[in-house]
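**Student:** From first to last, the protein sequence lines stand for chains A and B. Here the first sequence stands for residues 0 to 308, where the numbers follow numbering that gives the first Met the number 0. Here the second sequence stands for residues 0 to 282, where the numbers follow numbering that gives the first Met the number 0. Every residue gets a Cβ at the ideal spot worked out from N, C-alpha and C, and that includes glycine. Please read these numbers as outputs of a predicted model, since none were measured by experiment. Here's a structure for you.
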Amino acid sequence: MTLAIQSAGLSKRFGRQVAVDAVDLAVPRGSVYGFLGPNGSGKTTTIRMLLGLITPSAGGHQLLCEPMPDRAAAVLPRVGALVEGPAFHPYLSGRDNLRRLDAADRTAHARTAEARISTALERVGLSAAAAKRYRNYSLGMKQRLAIAAALLVPRELLILDEPTNGLDPQGTREVRSLVAELAAEGATVLLSTHLLAEVEQVCTHVGVMHRGKLVAQEPLAQLRSSAAPRARVLTDQPEAAARALTALGLTEVTRTAAEASGGLGSIAPEKVVAGLVQEGVPVRGFAVVAPSLEEKFVSLTGEGFDVSG
Amino acid sequence: MSPVEAAPVKRVSGRFLRSELRLIAVRRRNQVGLAALAAVPFVLAIAIKVAAPDRDNRGGGPDFFAQITGNGFFVALAALGAELTLFLPIAIAMLAGDAVAGEANQGTLRYLLAVPVGRTRLLAVKYAGILFGAFLAPLVVAVSGLVIGLILFGGGDVTLLSGTSVSFGEGLLRLLVICLYLGVCLAAAGAVGLFLSTLTEQPMGATIALTMLTVASAVLGQVQQLDWLHPYLLTRHWQDFGELLRDPVSFGALGPGLLSAGAYILIFLTAAWARFAGKDVTA
């Protein structure tokens with residue numbers, strides 16, 4: 000499996016504060032990698048290092064199998080980026096701003112510039128506002144223009160920092176489907192976000208940042224399956240219930256005053272109910288509960304995520 | 000391993016430079032600034048037309064005010080001399096202060112670097128934009144001065160500082176060389192400004208710093224007790240442009256000015272590069 004982004008021990012310290020602490024990113028080619036973490040967890044600082052905007056205090060990384068920042072001139076034209084929100088010249092129109100960025104790219108063809116700019120604007124739904132000054136754009140339009148800038152030429156890797164920030168629900172849906180579209184065309188996408196729902200909807204892989212550290216990194220499906228379902232029994236004899244559950248082969252059996260529960264593993268829930276009845280345990284209620292991804296992340300980071308949106 | 004993709008082909012192209020010049024040209028603030036530079040000769044000429052000329056020599060420069068009523072040509076020279084003390088340095092300070100700090104302040108710097116634009120290339124293009132302004136500004140003042148001067152006072156042969164007369168055509172040629180010399184002087188100020196602009200994310204801070212530096216340099220140049228310092232001052236040789244109005248032209252007298260400007264440009268461009276090449280861009 001080749002990696003689109005690979006970092007080893009990537010660290011950044013500002014004075015005495017460690018913003019990013021020995022991050023080993025492994026973003027497989029073709030994946031949509033959700034770079035998830037609460038605000039201030041070091042995601043943007045990591046992205047700045049990935050793009051060569053700031054120098055790591057320790058460690059290093061490769062983009063598209065090229066060492067950075069040594070090969071930045073060769074590799075960055077193949078990388079589209081949105082870093083810490085949109086930023087353009089306020090007194091230029093959206094189209095003129097894209098013209099400027101395209102003119103700065105020595106690998107882009109001047110001949111095809113206008114056509115490419117129009118296509119990029121169309122893709123983000125900004126064609127109608129292309130001639131308006133950036134100053135008069137709404138936050139959502141600014142965000143769309145920044146995404147258009149990342150799409151001026153076909154990219155192998157897109158690094159998108161909070162791309163749905165400031166968008167209305169409709170815009171959010173559009174951007175998420177655009178990300179899926181780009182991935183389907185073969186691009187690798189690193190999508191930084193603080194929204195768990197966004198990761199669940201569009202990502203194939205996930206890396207969780209917490210206080211500058213990468214605390215988890217795996218395919219989303221694997222993370223889901225590791226969130227094992229548990230059987231929960233409501234009863235007035237929790238002790239007997241716990242014994243029965245253990246006898247049935249459930250793992251990590253726990254009990255409280257009014258219930259007992261255990262990890263189901265591959266045991267069918269109906270067999271557990273039958274077993275309990277056989278043992279004469281009075282069952283008042285029975286449920287199979289799977290911890291949500293959110294609970295999983297809370298257990299990883301000890302903090303909640305903003306799951307709205 | 001997937002097959003190694005060929006690195007994209009880099010082309011030598013003037014697109015980014017043209018984009019930079021366009022960015023400077025379409026900016027309303029720069030247009031207004033240029034209009035203000037062009038307005039000064041008009042104010043000057045009209046004031047002299049309606050009032051008797053002030054015959055006191057002010058500042059260290061040649062006294063062109065006295066000759067204005069005789070020949071409109073001197074409006075251009077008087078305006079250049081007057082604007083050189085403050086207006087022209089402010090114009091360059093606006094442009095140079097904005098160069099890197101302005102992009103950093105707006106956040107556009109991170110997107111340019113991610114394109115990628117190499118940091119050395121970015122400084123080169125930014126300095127080219129400053130040079131454009133440094134040479135354009137004196138020309139605009141001169142042309143504006145010529146226009147209003149000829150309208151109000153008429154033209155004719157130009158009497159030089161050495162007393163001899165040359166044709167109006169040769170006068171124009173000398174005026175052009177004066178503008179080029181002042182362009183070099185302002186380019187030196189611009190190099191200092193570019194360096195200041197790499198130190199901050201506040202463009203106005205860099206602009207004010209450079210303006211204060213040029214004013215301080217002019218003030219220190221008037222203090223006799225500091226004569227040991229005078230040869231090193233940024234503005235020391237700026238008023239030397241009058242040497243181009245002698246017959247024969249003493250190009251040698253411009254040597255120190257050009258040498259000083261060259262040294263300033265070399266030192267401060269190097270400093271700007273040293274500062275910016277490895278700087279963390281966190282804006």
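Just curious, the alpha helix (DSSP H) that R98(A) is in, first and last residue?
**Tutor:** Its alpha helix (DSSP H) spans residues 93–103.
**Student:** Hey, which unbroken runs of the alpha helix (DSSP H) at 4 residues or more fall wholly within the stretch 222–293 of chain A?
**Tutor:** Correct list: 237–247, 268–277.
**Student:** Residues in the same chain with beta-carbon distance under 6 Å from I177(B), minus the five sequence neighbours each way, listed in chain order, please.
**Tutor:** The answer, listed in chain order, is F240, L243.
**Student:** Would you decide whether P68(A) is buried or exposed? Buried here means 16 or more other CB atoms lie within 10 Å of its CB.
**Tutor:** Label assigned to P68(A): buried.
**Student:** For I264(B) and L228(B), what's the separation of their Cα atoms in angstroms?
**Tutor:** Their Cα atoms are separated by approximately 19 Å.
**Student:** When you compare the CB positions of A113(B) and L81(A), do they come within less than 7 Å of one another, or not?
**Tutor:** No, the pair does not count as a contact, with Cβ atoms beyond the cut-off.
**Student:** Might you give, ordered along the chain, the residues of its own chain that have their beta carbon closer than 7 Å to the beta carbon of E288(B), omitting 5 neighbours on each side?
**Tutor:** In the structure as shown, chain B starts at 0 and stops at 282, and residue 288(B) therefore has no counterpart that could be examined.
**Student:** Within 10 Å of its beta-carbon, does Y231(B) have 16 or more other beta-carbons around it, so buried, or fewer, so exposed?
**Tutor:** Result: exposed.
**Student:** Which residue from F275(B), S196(B), A260(B), M211(B) puts its Cα closest to that of R235(B)?
**Tutor:** Comparing Cα-Cα distances from R235(B) to each of F275(B), S196(B), A260(B), M211(B), the minimum goes to A260(B).
**Student:** If you measure beta-carbon to beta-carbon, which residues of the stretch 87–120 of chain B are closer than 7 Å to chain A?
**Tutor:** Within the stretch 87–120 of chain B, the qualifying residues are Q105, G106, T107, R109, Y110, L111, L112, A113, V114, P115, V116, G117.
**Student:** Which residue or residues does DSSP assign as beta-bridge partners of Y32(A)?
**Tutor:** Y32(A) pairs with L189(A), H204(A).
**Student:** Take L149(B) and list the residues in its own chain whose beta-carbon comes closer than 6 Å to its own, dropping the five residues that flank it on each side.
**Tutor:** Here the set comprises G71.
**Student:** Mind pulling the chain A residues with CB within less than 8 Å of A22(B)?
**Tutor:** The sequence shown places Leu at residue 22(B), rather than the Ala named in the question. Under the 8 Å cutoff, chain A gives H88, L91, R99.
**Student:** When we look at the beta-carbon of L121(B) and count the other beta-carbons within 10 Å, is it buried (16 or more) or exposed?
**Tutor:** With 16 or more other Cβ atoms within 10 Å, it is buried.
**Student:** Fully enclosed by the stretch 76–110 of chain B, which alpha helix (DSSP H) runs are 4 residues long or longer?
**Tutor:** Counting whole runs of 4 or more residues, the stretch 76–110 of chain B contains the alpha helix (DSSP H) stretches 86–105.
**Student:** If you measure between the beta carbons of G262(A) and L249(A), is that distance less than 7 Å?
**Tutor:** Contact flag set, yes.
**Student:** Helix or strand or just coil, what does DSSP make of G69(B)?
**Tutor:** Three-state result, G69(B): coil.
**Student:** To test your reading of the DSSP string, which unbroken beta strand (DSSP E) runs of 3 or more residues are found completely within the stretch 138–190 of chain A?
**Tutor:** Qualifying beta strand (DSSP E) stretches, in chain order: 156–160.
**Student:** Does chain B have any CB closer than 7 Å to the CB of A119(A)?
**Tutor:** Chain B contact via Cβ: absent.
**Student:** Taking the alpha helix (DSSP H) that I129(B) falls in, what are its first and last residues?
**Tutor:** It spans 118–152 - the alpha helix (DSSP H) in which I129(B) sits, taken as one unbroken run.
**Student:** Helix, strand or coil, according to DSSP, for G8(A) in the structure here?
**Tutor:** Note: G8(A) maps to strand in three-state DSSP.
**Student:** Residues of chain B with CB closer than 7 Å to the CB of A71(A), please, in chain order.
**Tutor:** The contacting residues are P115.
**Student:** Beta-carbon within less than 7 Å of K25(A)'s beta-carbon, same chain only, minus the 5 sequence neighbours each way: which residues are those?
**Tutor:** Sequence inspection shows Ala at residue 25(A); the Lys mentioned does not correspond to that position. Excluding positions up to five away in sequence, the list reads L2, Q5, Q216.
**Student:** Starting from the beta carbon of T281(B), find every residue of chain A whose beta carbon is closer than 8 Å, and list them in chain order.
**Tutor:** R47, L52, I53, listed in chain order.
**Student:** Hey, is G13(B)'s beta-carbon within less than 7 Å of any beta-carbon in chain A?
**Tutor:** Cβ-Cβ to chain A under 7 Å: no for G13(B).
**Student:** Tell me whether the beta-carbon of S216(B) lies closer than 7 Å to the beta-carbon of A98(B).
**Tutor:** No, these two residues do not count as a Cβ contact at 7 Å.
**Student:** At a Cβ threshold of 7 Å, is D104(A) touching chain B?
**Tutor:** Answer yes: the Cβ-Cβ gap between D104(A) and chain B drops below 7 Å somewhere.
**Student:** For V82(A), go through chain B and note every residue whose CB falls closer than 8 Å to its CB, in chain order.
**Tutor:** Within 8 Å Cβ-Cβ: R109, Y110, A113.
**Student:** Of all the residues that make up the stretch 27–38 of chain B, which are near chain A by a beta-carbon distance shorter than 8 Å?
**Tutor:** Within the stretch 27–38 of chain B, the residues whose Cβ lies closer than 8 Å to some Cβ of chain A are R27, listed in chain order.
**Student:** Could you tell me the alpha carbon to alpha carbon distance between A128(A) and S30(A), rounded to whole angstroms?
**Tutor:** The straight-line gap from Cα to Cα measures roughly 32 Å.
**Student:** So what does DSSP say about E242(B), is it helix, strand or coil?
**Tutor:** If DSSP states are grouped into helix, strand and coil, E242(B) belongs with the helices.
**Student:** Cβ of L151(B) within 7 Å of Cβ of A44(B)?
**Tutor:** Yes.
**Student:** Need the endpoints of the beta strand (DSSP E) that E217(A) sits in, please.
**Tutor:** E217(A) -> beta strand (DSSP E) spans 212–218.
**Student:** Output, in chain order, the set of chain B residues within a Cβ distance shorter than 9 Å of L150(A).
**Tutor:** Near L150(A) there are no residues of chain B at all, since even the closest Cβ is about 13 Å away, more than 9 Å.
**Student:** In terms of DSSP beta bridges, what is T288(B) paired with?
**Tutor:** A query on residue 288(B) cannot be resolved here, the shown segment of chain B reaching from 0 to 282 and no further.
**Student:** Tell me which residues share the same chain as V42(B) and place their Cβ nearer than 6 Å to its Cβ, disregarding the 5 neighbours each side in the sequence.
**Tutor:** The answer is none, since no qualifying residue turns up.
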